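Under my numbering, the letters of the sequence shown match residues 67 to 304, in that order.
Below: one structure, written as structure tokens.
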Amino acid sequence: MKNPASCFDLAYLSANGEKKNIAELAAVARNIGSRSAIVHCADIKLLREALDFERDKNPHSVMAEIVIDFPDGAGGDETKLFQARSAALFKADGADIVINLRWVKDKNSSMLLREFRAVAQYFKESKAIIQLPYLWQFQRDDIGWLLELLVEGGVKYVKDWTTRSDNFTEKVPVDDDTRIAYLEYISEYIAKHSLPLKKKIAGKVTPENARRFLDAGADVLGIGYGKAFAVQKALMGS
Numbered sequence: 067m068k069n070p071a072s073c074f075d076l077a078y079l080s081a082n083g084e085k086k087n088i089a090e091l092a093a094v095a096r097n098i099g100s101r102s103a104i105v106h107c108a109d110i111k112l113l114r115e116a117l118d119f120e121r122d123k124n125p126h127s128v129m130a131e132i133v134i135d136f137p138d139g140a141g142g143d144e145t146k147l148f149q150a151r152s153a154a155l156f157k158a159d160g161a162d163i164v165i166n167l168r169w170v171k172d173k174n175s176s177m178l179l180r181e182f183r184a185v186a187q188y189f190k191e192s193k194a195i196i197q198l199p200y201l202w203q204f205q206r207d208d209i210g211w212l213l214e215l216l217v218e219g220g221v222k223y224v225k226d227w228t229t230r231s232d233n234f235t236e237k238v239p240v241d242d243d244t245r246i247a248y249l250e251y252i253s254e255y256i257a258k259h260s261l262p263l264k265k266k267i268a269g270k271v272t273p274e275n276a277r278r279f280l281d282a283g284a285d286v287l288g289i290g291y292g293k294a295f296a297v298q299k300a301l302m303g304s
């Protein structure tokens, strides 16, 4: 059986974390064979060192990735460019870019493309966090337009959200059924239009719902590293 953890992006994005947490993240990622480990931009040096340390003990293929302009995406293309360039210096393998919802609301494709390309030039693969709970509630008709723009901007993955619903001024539902509905929607759109995009579902992924997300079309699951073993075990038994 294929190791289900090979589709896990393990994250550590707490504001009050310590160096030991980055080391733990790297160790768990290596132990379960996850796709990647993800941290804030300022922690990429620590993560790179921790993953290299783990590789010296036992070879692995875990990638070191960062979140960019997290969590609101409002820093503009200069912020995204600076963070991508800084992370690339420490050999980051990829990045999850938070989009600026203002540009989506205004249908400002040129600004969105500038931000996507500012990051994509540094990494073979980048993901765009498009805040799907908000778009699903208030701008559903624009989702297809945005997916096609991601491809034009060199983005390889679409990721649903940052897990922080309090970032929005309006209340948005983030229950499992809603997330399954919008995941199925984008999966169908991507297939119908033959878009070269993979799909990542992140945040609030649990042993109880992980299989549902994969069955609905998710290619990658974003998981806090503390839950990684439990989710892996649940998927192996499902």
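Backbone N, C-alpha and C define an ideal beta-carbon position, used for all residues, glycine too.
Because the structure is a prediction, the values reported are computed rather than measured.
| Asked | Found |
| --- | --- |
| Runs of 4 residues minimum, wholly inside the stretch 132-172: which ones carry the alpha helix (DSSP H) assignment? | 142-155, 167-171 |
| Do G288 and K264 have their CB atoms nearer than 7 Å? | no |
| In this structure, how does DSSP classify V286 when only helix, strand and coil are distinguished? | strand |
| Closest to V271 by C-alpha separation, out of D232, A257, A153, D226, would be which residue? | D226 |
| Are the C-beta atoms of L179 and some chain B residue less than 7 Å apart? | Among the chains in the structure shown there is no chain B, since it carries only a single protein chain. |
| Rank K111, D162, A89, H106 by C-alpha distance to the C-alpha of I195 and give the top, closest one. | D162 |
| Considering only residues of the stretch 171-242, which uninterrupted beta strand (DSSP E) runs meet the minimum length of 3 residues and lie entirely inside it, listed in chain order? | 191-195, 223-225 |
| Look up A268 in the DSSP assignment and give the residues it is bridged to. | G288 |
| Along the chain, where does the alpha helix (DSSP H) containing A77 start, and where does it finish? | Run containing A77: none in the alpha helix (DSSP H); it sits in the beta strand (DSSP E), 74-78. |
| Quick check on DSSP: helix, strand or coil for K108? | A small correction: the amino acid at residue 108 is Ala; Lys does not occupy that position in the sequence shown. Three-state result, A108: helix. |
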